[in-house]
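This report refers to the structure that appears directly beneath it.
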Amino acid sequence: MRRPVLAVLATAALVTTGLAGAPAANAGSQVVLPITGTTSLANPLAGGAVLDMPAGAKIVGDLDLLRDPLLVGDMVIPPIRAKVRALGIPVLGDTTSTVVLEPVGKTEARAGDGGFVTATTSFRIALPEVRSDLPLADKLNLGGPSCKTGVITTTLKSTEPLSLSDAFPMKATFTIPEITGCPKFLAIPLSSWALNALMGGDGNTLDLMVGPITTAPGQTATPAPVTRPAAAAKSASSVRATAKTFRYGKAGKVAVSVRSSRAATGKVRVYKGKKLLATKRLVDGKTRVTLRKKSLKAGKHRLRVVYAGSSTVRSSRTTVVVRVVKRWRHP
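Counting from 1 along the sequence shown, just add 1231 to a position and that's the residue number in the numbering used here.
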């Protein structure tokens, strides 16, 4: 079904106004959208495993704002090194796996009313290597070159409108179908049985940040076709961030406030090094940014809190130290 003409115009207007001073993605442009975030396994035998998207994950494709779909491209995801604790049993259940998300066909993105985006993508989960962390047992590989699932098709949906100048969140759920082609032992398909028992089923989630969109290498970026009068000087801002002790395995919150002589609006982002952990919009100059469970390991972490600024207020940043504990002591 083709999206309404009004949705096309709304999206084009949204994109254009968001690109003042930035490279424009014109009709037929080759673009790159970086991908960060996590894949979570719902099967209780997998112990709540969360797989981080590896560095270099991206969508590379052709963007045309006046076409439906507006983006047609290829998902490029390097192999993921995953730690999974089977049955939730420490040591005995600990495994290390190489997980490969193999794209099947093109990823197609469409924009609907309000500039919200849906993207349909298909892939297989390949398991070339699955080994126990126990000494000697690590010599046995339950995976293999042909060990993979059937085709998985899911639809990612954005929870914020499309932006070409900022990353935006997209979420999806999917079912892991039967895993086949794994090694047999004494002619018995024990590997396939074990991996299906550990990973199979529905309720698995993709929780991603996509973008910001940039032109692909070799493409020429042209100025955005937007003419604006000279902007008035922006007001300075300062950021304050605080956080209580996090409990490992539970979501935690960072309280953020932005002070300025003008009303501070826009987004706040929280980073661990170069990794984006979460994004949240300010309301009356304040917000509480939720960090996903297991996004931080036990210990102390210095996080970077960045206020992106607005048309009237300059950006600013600060740091906050977060302590994550595994054993919770009640006061």
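Cβ atoms here follow ideal geometry from the backbone N, Cα and C, with glycine treated the same way.
Model, not experiment: these values are computed from the prediction.
Item: With distance defined between alpha-carbon atoms, name the residue in Gly1278, Met1440 and Ser1423 nearest to Ser1396.; Value: Met1440
Item: By DSSP, does Ala1428 sit in helix, in strand, or in coil?; Value: helix
Item: Report all residues from its chain with a CB closer than 6 Å to the CB of Thr1384; omit the five preceding and five following residues, and keep chain order.; Value: Ser1353
Item: May I ask which residues mark the beginning and end of the beta strand (DSSP E) holding Tyr1479?; Value: Neither: Tyr1479 is in no beta strand (DSSP E) and is coded neither H nor E.
Item: Among Ala1539, Ser1423 and Tyr1479, which has the Cα closest to the Cα of Leu1522?; Value: Tyr1479
Item: I need the boundaries of the beta strand (DSSP E) containing Glu1339, first residue and last residue.; Value: Thr1338 to Ala1342
Item: Short of 8 Å in beta carbon distance, which residues of its chain neighbour Ala1495, apart from the five on each side in sequence? Order them along the chain.; Value: Ser1468, Val1489, Leu1513, Gly1516, Tyr1538, Ser1541 and Val1544
Item: Is the Cβ-Cβ distance between Lys1335 and Val1263 less than 8 Å?; Value: Checking the sequence shown, residue 1335 turns out to be Val, not Lys. No; because the gap between Cβ atoms is not below 8 Å, this pair is not in contact.
Item: Of the choices Gly1278, Lys1379, Val1361 and Pro1392, whose alpha-carbon is the least far from that of Asp1344?; Value: Pro1392
Item: Could you check how far apart the C-beta atoms of Val1303 and Val1291 are, in whole angstroms? I think they sit under 8 Å.; Value: Not a contact, Cβ separation roughly 11 Å.
Item: Give the DSSP bridge partners of Met1401, in chain order.; Value: Ser1389 and Leu1439
Item: Rounding to the nearest angstrom, what Cα-Cα distance links Lys1506 and Val1499 in this structure?; Value: 14 Å
Item: Does the distance from the CB of Val1555 to the CB of Val1501 come in under 8 Å?; Value: no
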